Amino acid sequence: MEALKQGADALFILMGAVMVLAMHAGFAFLELGTVRRKNQVNALVKILVDFSVSTVVYFAVGYAVAYGTGFFVGAEQLAAHNGYALVKFFFLLTFAAAIPAIISGGIAERAKFCPQLIATAIIVGLVYPFFEGIAWNGHFGVQAWIKSLTGAEFHDFAGSVVVHAVGGWIALGAVLLLGPRSNRYRRDGAIAATPPSSIPFLALGAWILTVGWFGFNVMSAQSLDKISGLVAVNSLMAMVGGTLAALALGKNDPGFVHNGPLAGLVAVCAGSDLMHPLGALVVGGVAGALFVAMFTLTQNKWKIDDVLGVWPLHGLCGVWGGIAAGIFGTQTLGGLGGVHLGAQLIGTLMGVAWATAGGFAVYGLLRKTMGLRLSQEQEFDGADLSIHRISATPEREANW
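Just so it is clear: in the sequence shown, position 347 is 524 by the working numbering, and no numbers are missing.
Structure below.
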C-alpha cells in the first residue's frame, strides 16, 4: 500500500507540473496576441528560452536556496519513492519559471534579449527562491516570528504573493527602468494607441492559462491525500467573479474580459484552500475590478508603459489575494479559519519589499553594465527582425 501511495503521489504532482507547464504556452499566446505584429516571434521565443534557463538554474541553484536540498547525488537516490522528489522539483520549477514569464509581458517590444536571460537566471536562481524559502520552508524563523506576533503563520497556499505579487513587483522595476516604448507618450500629451494584434491569440492564451491554473492551485496540495475540491471550486468562482467584474467595468473590452479571469485566479491562490466559494467569488470580482481600474490608471495617468499590465494583474491582484486570505479565510466569513489578517499583511508586505528591491537591483545593474533597451532603430523595426531575423508572417517565400 505504501508503494501504491508513493506512486499515486508522484503521478498526482506530475500531472500538476504538466498542467502548469502548459500555462507557459498561455503566457506566450497572451503576450503574442497583445503586442504588435512585429514583436510576436520575440514573445514566443522569450517564453520558451526563459523557461529553459529557469530549469537549469533552478535545478542547479534555486531549489537548494529555497529548500536546502539539491540533486547532485546518484540517480538511484533520486529515483527513491518513485522519484517523488524529482517531480516535486518539476512542479515547483513551473512556479519559479512563471516569474520571468510575468516580467516578459511588462517589458515587451523594447527589451534586449540577452540581458533578459541573465536577469532570468539571477531572479530564478536567487531572488525568487530566497522569499520562497521563507514563505514555504520556514527559513530564518520568519514564519515562527510572524506566528509569535499574530498567532498564525503567513498563509499562501498556491502563490498569490510568493509567485504572482513577487513577479509583478519585480516587473514594475524592470518596466520603470526600461521606460516607455518610443512614441507611446508624446510631448503634446497625446497617447499612441496600441491595440492588441490578435484578439483570438490573446483569448487562446487566457484560456490556456485559466485551464492550467486548476493544476496550479489544486495540485499545490502536493499529495493525493490532501487534495481538496474546495480549492477547485474556489478557483472556479474567483475566475468567474474576475471575468464578470472586468466585463462590467471594462465596458465589454475583450482585452479586459480575458484578463479578468486571470486577475481572479491570481487573487484566490493564497486562500483557495480556506475560503467559502461565495467569498472566492467576491475576491475574484474585486480583483477583476482592481485590474481594470489600475491598468487604466497606470497606462493613461501615470504613463507607465507596462504592455500587458503585469503589475496590476500579478503585482496588485497578488497583494489583494494575500490580504483577502486573511479576511475571507476566517470562520466569521464562512472560511475554515487558522489564518490572521495581521500575519497576511506582514507576509505580503515582506514579499512586495523584497521583490521591488530585487527588481530594481537586478535590472538596474544590467542597465548600467549591458543596457536593457533595443536601439531606437531596432525598436522601430521590431524585435522579431532585430533579434530573430524573421517575422511571424513572412510576406515572401524563398525561391529555391
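Virtual Cβ for every residue (Gly too), placed ideally from N, Cα, C. Computed from a predicted structure; not experimentally measured.
- Annotated three-state conformation of ILE368 is strand, per DSSP.
- With respect to VAL484, ALA288 sits apart: the two C-beta atoms are not nearer than 8 Å.
- If you look at ILE295, you'll find it in the alpha helix (DSSP H) that goes 290-299.
- In the three-state DSSP reduction, ARG358 falls in the coil class, being neither helix nor strand.
- Take LEU424, set aside five residues on each side of it, and the residues of its chain with a beta-carbon closer than 6 Å to its own are VAL434, in chain order.
- By the Cβ test, the segment 358-369 is not in contact with the segment 180-192, since fewer than three Cβ pairs between them sit closer than 8 Å.
- Looking only at MET192, ILE295 and TRP531, the smallest Cα-Cα distance to PHE267 is reached by MET192.
- With respect to the C-alpha of LYS265, the residue from TYR244, GLN293 and ILE279 having the closest C-alpha is TYR244.
- At the C-beta level, ALA415 and ALA447 stay beyond 8 Å of one another.
- Taking 8 Å as the cut-off, the Cβ atoms of VAL395 and VAL408 count as close.
- Taking all protein chains shown into account, ILE190 has 16 or more neighbouring C-beta atoms within 10 Å of its C-beta and is therefore buried.
- Counting of Cβ neighbours within 10 angstroms places ALA348 among the buried residues, the total reaching 16 or more.
- Here the C-alpha atom of SER325 lies approximately 11 Å from the C-alpha atom of GLY519.
- Note on VAL469: 16 or more other CB atoms within 10 angstroms of its CB, so buried under the neighbour-count rule.
- Taking one beta carbon from each stretch, the segment 212-232 and the segment 550-565 have 3 or more pairs nearer than 8 Å; the two touch.
- Per DSSP, PHE334 lies in no alpha helix (DSSP H) segment and is marked neither H nor E.
- Distance from the Cα of PHE334 is smallest, within the candidate group PHE228, GLY541, THR525 and LEU551, for THR525.
- Take the alpha-carbon of THR420 and the one of THR546: they are about 42 Å apart.
- Taking 3 residues as the shortest admissible run, the segment 419-487 contains no complete beta strand (DSSP E) segment at all.
- ARG214 sits in a helix when the DSSP states are folded into three classes.
- Excluding its 5 nearest sequence neighbours in each direction, SER412 has C-beta neighbours in its own chain below 8 Å: TRP390, PHE391, ASN394, VAL395, LEU442, VAL445, SER449 and ALA457, listed in chain order.
- In this structure, ALA329 and VAL516 form a Cβ contact; the two beta carbons are roughly 6 Å apart against a cut-off of 8 Å.
- If you check the CB distance, MET452 and GLY506 come in under 8 Å.
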